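Numbering that gives the first Met the number 0 applies: residue 0 is where the sequence shown begins, and numbers increase by one. We put the CB at the ideal spot given by N, CA and C, even for glycine. Since the model is a prediction, treat every value here as computed from it, not as a measurement. These notes concern the structure reproduced below.
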Amino acid sequence: MNEQHLEPLKRHPEGRALRAEVDLRRVARNFARVREAAGGRGIWGVVKANAYGHGAVPVGRALSEAGAAGLAVSSLEEGLELRQGGVACPILVLGGLRPEAVPAASAEGLTIALVGPEHLADYARLLPDHPLKLHLKLDTGMGRFGFLPSELGECLPALGALAPWIDGAMGHFATADDPDQGFALRQRRVFEACLAQLRDAGIHPAQRHHGNSDACLRGLLGDDTHVRPGLALYGLTLVPEGRALGLEPALELVAEVARVKAVPAGTTVGYGRTFVAPHPLQIATLACGYADGYRRDLGNRAVVGYRGRTYPVVGRVSMDYLTVALPVDVPVAPGDPMVLFGSDPAAPHCLERLASALGTIPYELTCGLHRRITRRFFS
């Protein structure tokens with residue numbers, strides 16, 4: 000995707016022209032590269048948070064077609080969205096499930112993470128009539144969901160009653176991106192010790208998965224049968240191994256110029272008058288603001304791509320609009336597309352650089368893209 004070749008966006012019924020351009024071909028290529036890095040292990044492709052803002056159903060279909068063993072989501076609602084969108088592959092709900100939701104999950108063939116001891120008796124009561132597969136979450140050092148090693152022993156009898164439905168065991172790395180692998184290796188040892196406890200109790204999960212994206216890229220997979228990459232599938236990992244593997248960002252955010260006007264020196268722009276034109280300029284107004292997920296604090300800090308060059312975002316980003324300053328001799332007109340998030344990692348308006356300017360991570364920016372933004376998919 001290249002802004003020099005973008006065609007004007009079609010107007011939408013609500014009169015706004017703002018679109019996330021998602022290249023499913025890149026998602027598929029990233030998937031293949033991650034699978035190779037993971038030694039061919041089965042992949043649970045993580046598509047929670049609307050596939051990190053990329054669009055859960057189209058991305059889920061693309062990953063399923065590429066050979067994913069299944070898809071991982073955060074909640075029952077996200078799993079049901081995929082099923083309603085025609086995604087038939089296994090779906091793992093990472094955030095667990097309240098007992099009253101078990102019948103709905105069972106009816107849709109969802110797999111559920113068992114995230115703690117609180118509902119073991121409820122599950123034992125419900126699963127004979129509402130069967131579903133369980134993946135036992137082990138807290139090896141993340142400190143959130145999962146059975147602590149210290150409580151696993153006392154839960155083994157109750158887990159034994161659920162053994163017919165326990166299909167997997169899982170953990171989650173806290174520091175897989177850290178150059179110092181000490182804590183990650185400690186988590187791996189804890190995971191293996193917990194698996195040994197389960198085996199001694201006669202519980203033999205067919206699937207084992209602890210590795211996230213960076214663990215796949217950095218060889219922290221041990222004897223796991225599966226992995227759970229998320230951000231790497233979208234080309235958003237920041238570890239050097241991701242760049243070496245050729246992972247490609249799959250999303251661009253493109254907005255149409257809503258209005259353009261020439262202004263004299265001294266003109267102020269936006270709330271708080273935080274930008275003053277130092278000389279005659281053109282101000283292009285784009286129909287994108289913080290309600291769409293374009294961060295307010297990118298005002299006077301970010302640039303956008305237009306016809307092979309970049310121009311600054313000036314003034315404060317407001318709820319629905321932002322403004323861009325261009326020299327008076329640059330041809331620009333309403334309807335022209337500008338790239339707000341670029342997919343070229345070397346571009347000044349790429350997600351990594353914008354996130355760095357904000358002191359955050361690229362996938363916070365993509366996850367923040369509102370569903371009112373139209374998604375356009377390339378495959």
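Check your understanding: Would DSSP call HIS208 helix, strand or coil?
Key -> For the purposes of this step, residue 208 is taken as residue 209 along the sequence shown, with counting starting at 1. DSSP places HIS208 within a strand segment (E or B) once states are collapsed to three.
**Study point:** Residue range of the alpha helix (DSSP H) that includes PRO57
**Key:** What you label residue 57 is simply residue 58 of the sequence shown in a count that begins at 1. Taken as a continuous stretch (DSSP letters only), the alpha helix (DSSP H) holding PRO57 covers 55-65.
**Study point:** 6 Å CB neighbourhood of ALA205 in its chain, flanking five on each side removed
**Key:** Taking the sequence shown and counting its residues from 1, the one referred to as residue 205 is at position 206. Contacts found: ASP166.
Exercise for review: Indicate, with yes or no, if the ligand MN has a heavy atom lying under 7 Å from the CB of ARG34.
Suggested key: Of the ligands one can find in the structure shown there are none, so the ligand MN has no counterpart to examine.
Exercise for review: May I ask you to report which of helix, strand or coil DSSP gives GLU107?
Suggested key: Here residue 107 refers to the residue found at position 108 when the sequence shown is read from its first residue. Of the three classes helix, strand and coil, the one that applies to GLU107 here is coil, per DSSP.
Exercise for review: Quick one: residues in its chain with C-beta nearer than 8 Å to the C-beta of LEU81, no 5 flanking neighbours on either side, listed in chain order?
Suggested key: By 1-based counting over the sequence shown, the position of residue 81 is 82. Around LEU81: VAL46, ALA55, VAL56, GLY59, LEU70, VAL72, ILE90.
Practice item. Take every Cβ of the segment 216-233, pair it with every Cβ of the segment 179-195, and state whether three or more of those distances are shorter than 8 Å. Key: yes
Check your understanding: Are the segment 276-283 and the segment 357-376 touching by the rule of at least three beta carbon pairs closer than 8 Å?
Key -> The segment 276-283, when compared against the segment 357-376, does not touch it at the 8 Å Cβ threshold.
Practice item. Answer yes if the segment 240-254 comes into contact with the segment 14-34, meaning at least three C-beta pairs across the two stretches below 8 Å, and no otherwise. Key: They touch, by the three-pair rule.
**Study point:** DSSP three-state assignment for GLN83, whether helix, strand or coil
**Key:** Translated into the one-based positions of the sequence shown, residue 83 becomes position 84. GLN83 falls in the helix class under three-state DSSP.
Check your understanding: Mind checking whether HIS348 and VAL313 have CB atoms under 8 Å apart?
Key -> As a working note, residue 348 is residue 349 in the sequence shown. As a working note, residue 313 is residue 314 in the sequence shown. It is not a contact, given that the beta carbons lie outside the stated cut-off.
**Study point:** Alpha-carbon spacing of ARG18 relative to LEU364, whole angstroms
**Key:** The sequence position of residue 18 within the sequence shown is 19, counting from 1. The sequence position of residue 364 within the sequence shown is 365, counting from 1. Using only the alpha carbons, I get a separation of about 15 Å.
Exercise for review: Output the boundary residues of the alpha helix (DSSP H) element that contains GLN186.
Suggested key: Stepping through the sequence shown from its first residue, residue 186 is reached at position 187. Its alpha helix (DSSP H) spans residues 181-199.
**Study point:** HIS369 in three-state terms, based on DSSP
**Key:** Taking the first residue of the sequence shown as position 1, residue 369 is located at position 370. Here HIS369 sits in coil by DSSP.
Exercise for review: Could you check the C-alpha separation between PRO336 and HIS53 for me, to the nearest Å?
Suggested key: To locate residue 336, count along the sequence shown from 1; it is residue 337. To locate residue 53, count along the sequence shown from 1; it is residue 54. Approximately 19 Å, taken between the alpha carbons.
Review point. Can you name the start and end residues of the beta strand (DSSP E) that PHE172 belongs to?
Key: If you number the sequence shown from 1, residue 172 lands on position 173. It is not in any beta strand (DSSP E) - PHE172 carries neither H nor E in the DSSP assignment.
Check your understanding: Which residues in the same chain have their Cβ closer than 7 Å to the Cβ of PHE190, if we skip the five residues on either side of it in sequence?
Key -> Locating residue 190 in the sequence shown gives position 191, where the first residue counts as 1. These residues qualify, in order along the chain: LEU137, THR139, GLY170, HIS209.
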